[in-house]
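Our numbering applies: residue 3 is where the sequence shown begins, and numbers increase by one.
Heads up, the beta-carbon is just placed ideally off N, CA and C, and yes, glycines get one too.
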Amino acid sequence: MTTGGGTGGGATTGGLATSSSSGGTGGFDGSGGATTSSASTGGPATTGTGGSDVTASSSASVTVSSSASGGPVACTEPNLEVCSDDIGMHCGLTYEYWKDRGDGCLVNKADGFSVNWSNINNLLGRKGVRPGGKDHVVTYEADYRPNGNSYLGVYGWTTSPLIEYYIIDSWGNWRPPGGEGFVGTVESDGGTYDIYKTQRVNQPSIEGTATFYQFWSVRKEKRTSGTITVANHFDAWGRQGLTLGTFYEVSLVVEGYQSSGSADVKVSIE
């Protein structure tokens with residue numbers, strides 16, 4: 003089991019710009035594609051970017067064997083606080099943190115992460131496995147307190163085709179992606195998720211400015227703890243003709259847009 007903290011920044015549909023050469027800016031800008039926002043939808047469309055040369059393989063783990071019993075012991079890395087754009091490794095996972103303006107910090111912890119933000123336009127933190135794959139199971143428990151627009155869930159990108167994907171378990175004032183692009187539902191982990199396909203046109207991505215699709219699973223009832231079996235969503239998307247490419251990451255993300263808030267998250271990725 004890969005356990006560890008944080009939501010690091012980068013390629014997010016509620017997205018995060020990164021310090022890599024692919025550049026990009028955060029999401030919720032409401033421009034382009036099928037998820038454009040307006041007063042009628044009550045919220046912003048999202049896009050994201052990111053990318054990093056910092057990767058953790060899908061077998062990365064924050065546990066090590068105890069020489070005495072052969073059992074796992076917890077990560078002993080100290081907490082790592084970042085308050086400006088940053089990408090790195092902590093407790094076996096890749097974190098990324100980004101904000102465009104405003105105040106906020108991400109604290110990577112041995113069992114997860116915390117993030118707080120205020121007076122921001124767009125902030126995104128995530129932590130996960132790169133490149134990751136279909137068969138990851140994410141277990142988390144969050145004290146999630148958004149004040150305004152925000153997301154909590156599993157996030158990532160694929161390439162060939164370039165796809166930005168979300169599995170959203172909770173949100174702030176606005177339920178993404180605003181009702182556009184509905185294609186079906188999937189039952190997973192004790193709940194029902196609505197599936198959407200939306201498009202971003204000439205927006206930042208992990209490959210620079212591009213036009214790409216976003217795939218969404220959005221839980222009908224909010225929750226802030228539980229298990230997300232990502233294969234259930236990927237398989238359901240495939241049955242709807244929504245084809246993913248080569249995985250870039252599987253991450254847990256917290257995002258805020260024109261809002262304030264905080265989240266304290268324990269997370270493990272199996």
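Endpoints, the alpha helix (DSSP H) within which residue i is located
| i | result |
| --- | --- |
| Arg128 | Note, Arg128: premise wrong, no alpha helix (DSSP H); beta strand (DSSP E) at Asn124 to Val131. |
| Ala233 | Val232 to Arg241 |
Of the residues the options, the one placed nearest residue i, counting alpha carbons only
| i | options | result |
| --- | --- | --- |
| Thr229 | Lys111, Gly135 and Glu143 | Glu143 |
| Ile122 | Cys107, Gln242, Thr248 and Phe236 | Cys107 |
| Phe184 | Val269, Ser253, Ser120 and Leu244 | Leu244 |
| Gly134 | Gly263, Leu246 and Gln260 | Leu246 |
| Thr161 | Asp196, Val139 and Phe249 | Phe249 |
| Thr213 | Ser219, Arg202 and Ala265 | Arg202 |
| Tyr167 | Glu257, Phe236, Asp88 and Ser270 | Phe236 |
| Glu98 | Val256, Asn234, Thr187 and Ser152 | Val256 |
| Arg147 | Gln216, Lys136 and Ser120 | Ser120 |
| Asp137 | Trp239, Gly263, Thr231 and Asp171 | Thr231 |
| Val267 | Ala238, Lys129, Thr96 and Cys77 | Lys129 |
| Gly258 | Ile89, Leu126, Ala76 and Glu83 | Leu126 |
| Ser172 | Trp100, Val156 and Val140 | Val156 |
| Glu83 | Gly94, Arg177 and Phe115 | Phe115 |
Residues bridged to residue i [DSSP beta-bridge criterion]
| i | result |
| --- | --- |
| Thr96 | Met91 and Gly130 |
| Ala76 | Its beta-bridge partners do not exist; DSSP assigns none. |
| Gly106 | Trp119 |
| Thr248 | Thr161 |
| Lys101 | Leu125 |
| Lys111 | Gly114 |
Between the CA atoms of residue j and residue i - distance to the nearest angstrom
| i | j | result |
| --- | --- | --- |
| Asn81 | Val109 | 7 angstroms |
| Val131 | Glu251 | 6 angstroms |
| Glu79 | Lys111 | 8 angstroms |
| Val117 | Ser86 | 12 angstroms |
| Ser261 | Gly174 | 9 angstroms |
| Asn124 | Arg241 | 33 angstroms |
| Asp102 | Gly158 | 20 angstroms |
| Ala265 | Leu254 | 12 angstroms |
| Asn149 | Leu164 | 32 angstroms |
| Asp191 | Gln205 | 33 angstroms |
| Glu272 | Gly104 | 34 angstroms |
| Glu223 | Gly210 | 34 angstroms |
| Ile208 | Gly263 | 26 angstroms |
| Lys199 | Val188 | 14 angstroms |
| Asp145 | Ser227 | 9 angstroms |
| Ser152 | Trp218 | 15 angstroms |
| Gly52 | Asp88 | Its pLDDT being 44, under 50, Gly52 is placed unreliably in this model, and the value from its coordinates should be taken loosely. So the two alpha carbons sit approximately 11 angstroms from each other. |
| Gly180 | Val220 | 11 angstroms |
| Cys77 | Asp113 | 8 angstroms |
| Ala238 | Val139 | 16 angstroms |
| Cys282 | Asn234 | With the chain running from 3 to 272 in the structure shown, residue 282 is simply not present. |
| Arg225 | Val269 | 14 angstroms |
| Trp176 | Trp100 | 21 angstroms |
| Met91 | Gly186 | 36 angstroms |
| Leu95 | Glu182 | 33 angstroms |
| Leu154 | Ile197 | 16 angstroms |
| Gly34 | Thr141 | Confidence in Gly34 is poor, its pLDDT being 33 and thus under 50, which makes the residue's placement too unreliable to answer from. |
Span of the beta strand (DSSP E) around residue i
| i | result |
| --- | --- |
| Glu166 | Ile165 to Trp173 |
| Asn118 | Gly114 to Ser120 |
| Arg147 | Val139 to Thr161 |
| Lys268 | Val252 to Ile271 |
| Asn81 | Unbroken run through Asn81: none, as it is neither H nor E. |
beta-carbon residue i near the ligand ZN non-hydrogen atom, thresh 7 angstroms
| i | result |
| --- | --- |
| Gln205 | Because no ligand of any kind appears in the structure shown, any question about the ligand ZN cannot be addressed here. |
| task | Just list the beta strand (DSSP E) runs in the segment 179-238, keeping only unbroken ones of 3 residues or longer that don't cross its boundaries, in chain order. | result | 184-190, 193-205, 212-221 and 227-231
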